[in-house]
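So the protein lines, in turn, are chains A and B.
Residues are numbered in our numbering as their position in the first sequence, beginning at 1, plus a constant of 336.
Residues are numbered in our numbering as their position in the second sequence, beginning at 1, plus a constant of 1252.
Quick notes on the structure that follows.
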Amino acid sequence: MSDTTPTSAAASQGPLPEPTVLARTLRVLSGNRTGVIGFVLVALIIGAAVLAPWIAPYDPTAIMVGPRMAPPSAEHWLGTDNIGRDIFSRVIAGGRIAMLVAMASLASALSVGLALGLIAGLGPRWLDNVLLLLFDALRSFPVIVFGLAVVTIIGPSLFTVVLVVAITSVPIYARIVRTQTMALKNAEFILAERAMGVGMPRLLAIHVLPNVLGPLLILASMDVPLVIATEAGLSFLGMGVRPPTPSWGVILNDGYNFIRNSPWPVIGGSIPIILVTLGFTFMGEALRDIFDPKLRKAR
Amino acid sequence: MLFYTAQRLVLSVVIVMVAVSILKLMLHVVPGDPAVLVLGPRATPELIERTREAMGLDRPLLMQLVTFFGNILRGDLGQDVFTGRAVSRIVFEQLPYTLILIAVAIMWSAVLGIVLGAYSALRRNTWFDTLSGVVSVGTISIPAFVMALYSVLIFAVWLRWLPAIGAGEGFLDSITHLILPAFAIGVSWVGYVARMVRASMLEIMGQPHVRMARAFGLPERRITQSHILKIAVLPAVTLIGTGVAHLFSAAVFVEVIFARPGIGALIVQAVNERNYPIVLGAVLVTTGIIVLATLISDLVIALLDPRQREEL
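So, in structure tokens, the structure goes:
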């Protein structure tokens, strides 16, 4: 009840100013515990990835820095693996690879998806149909199976992982951009702009892009766990990042090979994957509430 | 309805054809001789020559594609590079293992997910609802291959309750060997389905037809069963239909981790040997199944949902 008075007072002086993004963020987060957890987790993960060389207590690839397959101790927080490497250092270093893959692949998928989606939405009908068919075909591949096919041709590497994730994510983004563009194409304010003789570049940059970008970024944030699981999965199979480089998938693979001797590599390698998934999912949901309340589903 | 089915069927076939063309053309986009790419660095010159001929590389690209599709129609997916066996036979030998695994995984998780989701929606904001929400988010956050590793660790290494290697022999043995893999693949689907069913139940519970049924004095049980739940499971059907692709991805890991035979294990082995014909054949068959599953789930929805049926 107490907050009705200032509102009505403000209303009498004219329309309320649009709340700033920061204000909206704080308001949504104050009533949303999982959102706060999400932002904190993501900040921790990105921070650890950026500061990895300073945080990791040992060289992640140095062997025999401790006993082999030791359980966690004060010197080795997550224990050591089968050749005596410090698992905690490897997990921290692996976060760098994961974040690198996520950023590179999502950035390229977003830009290509944006371009193709705009072309499909604004271009001629036949081009739209051709692109839709291509998107549907690409989406019918299971990501990992498609990734394995690509690995057979160009060999396993960090680049292969980025390429696979980018190609399989493009259709999803492009489809969203296409739908949004088509809806906007016939919106009255766009028609009005065109009647006033506004050119296509300006129309795209000022009116279409901002309307399309919001949902796209929210979706991308929720896709980060999927990307990271794909990277870890391919690396686990030995088809992604190659062994001496510490990736979460490589750590898990080492752990799997010695699972009957020590559980710690599996536990250490899986914790960050689970935390990343929780963090980015919660953050994505909170972002959706902040930027696009319309997208929110019934709770 | 018939027209709709035919239309969708044609579209599905075209999609599979485009998908396979992409895989086939990928060989030609990458710099280098496709025959060498297929065979890997260790191939002998005569083997390369033979493959080049078998692949028809001397003919125009379009002709190669036409021949390729012609062969597929006749059930010929090419030959294994090393043994010369028909790829179709190798793939269909392994396929049943994967299909059974996926079917069992999706069945137990869908049933449990629907029950959990429906119950949470009916008991909204109780401790049960909160608990099932937390469990759902928790299970969704764990990728299938991590789940598989933990299943091995907990049930096979620590507790020694269940076997974790191979597919087993004989009926009972096969079933005990199926439990852990099907568990690992299905767990996150319990969460997905439960959340989906809960959300759509809550939406439908507020709709006029439910209020009307209640006004008619229908027993609450009947309203829930035939007026709410029947429509509320539809989004879950779509979710599962489009999720078959993810199930196949998960099956790759699970088959490798549990050393089970299956199409995923076959692909991984073929990639290690750089046996592209097998990879291509296996991907073609899985893609076909995935497109078919999406088609079936759409048709099932059209059949089950009177509102959609009307529009067709």
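Ideal Cβ placement from N, Cα and C applies to all residues, glycine included.
Expected contact under 8 Å - CB spacing of residue i and residue j to nearest Å
{"i": "B:F1505", "j": "B:F1397", "result": "4 Å"}
{"i": "A:A445", "j": "A:A385", "result": "The Cβ separation is near 20 Å, so there is no contact."}
{"i": "B:R1400", "j": "B:I1509", "result": "Note that residue 1400 of chain B is Ala in the sequence shown, not Arg. With a Cβ gap of about 4 Å, B:A1400 and B:I1509 count as contacting."}
{"i": "A:G483", "j": "A:M619", "result": "The pair is not a contact, with the Cβ atoms about 26 Å apart (cut-off 8 Å)."}
{"i": "A:M558", "j": "A:T515", "result": "Wrong, their Cβ atoms sit about 17 Å apart, outside the cutoff."}
{"i": "A:V513", "j": "A:E567", "result": "Actually they do not touch by this definition, with Cβ atoms about 25 Å apart."}
{"i": "A:S425", "j": "A:P393", "result": "6 Å"}
{"i": "B:L1317", "j": "B:S1273", "result": "6 Å"}
Nonlocal neighbours in the same chain, by C-beta distance under 6 Å from residue i, ignoring five residues either side
{"i": "A:F572", "result": "G585, L588, N589"}
{"i": "A:S598", "result": "M405"}
{"i": "A:T341", "result": "Residue placement at A:T341 cannot be trusted, given a pLDDT of 45 that sits under 50; what the coordinates show is reported in the next sentence. Nothing meets the Cβ criterion."}
{"i": "B:R1474", "result": "none"}
{"i": "B:G1420", "result": "S1426, H1429"}
{"i": "B:A1522", "result": "I1530, V1531"}
{"i": "B:G1347", "result": "Before going further, note that residue 1347 of chain B is Leu rather than Gly in the sequence given. If we look at B:L1347 and ignore the five residues flanking it on each side, its Cβ neighbours are I1515."}
{"i": "A:F375", "result": "M619"}
{"i": "A:P580", "result": "T397"}
{"i": "A:E621", "result": "none"}
{"i": "B:A1373", "result": "R1450, M1453, L1454"}
{"i": "B:W1441", "result": "S1361"}
{"i": "B:L1411", "result": "none"}
Run of the alpha helix (DSSP H) containing residue i, from where it starts to where it stops
{"i": "B:R1375", "result": "Run containing B:R1375: none; DSSP gives neither H nor E here."}
{"i": "A:M435", "result": "423-458"}
{"i": "B:I1480", "result": "Segment: none, B:I1480 is in no alpha helix (DSSP H) and carries neither H nor E."}
{"i": "A:D464", "result": "461-475"}
{"i": "A:Q516", "result": "494-521"}
{"i": "A:G585", "result": "584-593"}
{"i": "A:Y394", "result": "It is not in any alpha helix (DSSP H) - A:Y394 carries neither H nor E in the DSSP assignment."}
{"i": "A:I296", "result": "This structure leaves residue 296 of chain A out entirely; chain A is present only between 337 and 635."}
{"i": "B:H1280", "result": "1254-1281"}
{"i": "A:A531", "result": "524-531"}
{"i": "B:L1555", "result": "1528-1556"}
{"i": "A:G550", "result": "545-572"}
{"i": "B:S1393", "result": "Unbroken run through B:S1393: none, as it is neither H nor E."}
{"i": "A:R360", "result": "357-366"}
{"i": "A:T488", "result": "479-490"}
{"i": "B:F1575", "result": "Since the displayed chain B opens at 1253 and closes at 1564, residue 1575 of chain B lies outside it and no answer follows."}
{"i": "A:T370", "result": "369-386"}
{"i": "B:A1517", "result": "1515-1524"}
Close-in-space but distant-in-sequence residues of the same chain around residue i (CB under 7 Å, 5 per side omitted)
{"i": "B:L1275", "result": "L1532, V1535"}
{"i": "B:D1332", "result": "V1339, I1342, N1527, P1529, I1530"}
{"i": "A:R635", "result": "For A:R635, the predicted model reports a pLDDT of 36, less than 50, meaning its position is unreliable and no value from the coordinates is stated."}
{"i": "B:I1492", "result": "I1358, A1362, S1549"}
{"i": "A:T517", "result": "G453, L454, G457, L458, V544, V548"}
{"i": "A:F471", "result": "P507, A510, R511"}
{"i": "A:K633", "result": "Low confidence applies to A:K633: its pLDDT is 44, below 50, so where it sits in the model is not reliable enough to give any reading."}
{"i": "B:F1407", "result": "W1413, L1414, L1432"}
In DSSP terms, what residue i is bridged to
{"i": "A:T416", "result": "A:D422"}
{"i": "B:Q1331", "result": "B:A1338"}
Residues near residue i in its chain [Cβ-Cβ closer than 8 Å; skip 5 each side]
{"i": "B:L1544", "result": "S1264"}
{"i": "A:M337", "result": "With a pLDDT of only 40 at A:M337, under the threshold of 50, the placement of this residue in the model should not be trusted, and no figure is reported."}
{"i": "A:L358", "result": "none"}
{"i": "A:S344", "result": "Confidence at A:S344 is low in this model, with a pLDDT of 46, below 50, so its placement is unreliable and the value that follows should be read with caution. Counting only Cβ-Cβ distances below 8 Å, and skipping sequence neighbours, we find nothing."}
{"i": "A:N418", "result": "R404, M405, D590, N593, F594, N597, S598, P601"}
{"i": "B:M1269", "result": "F1321"}
Complete runs of the alpha helix (DSSP H) confined to the region 1401-1489 of chain B [at least 4 residues]: 1423-1457, 1460-1467
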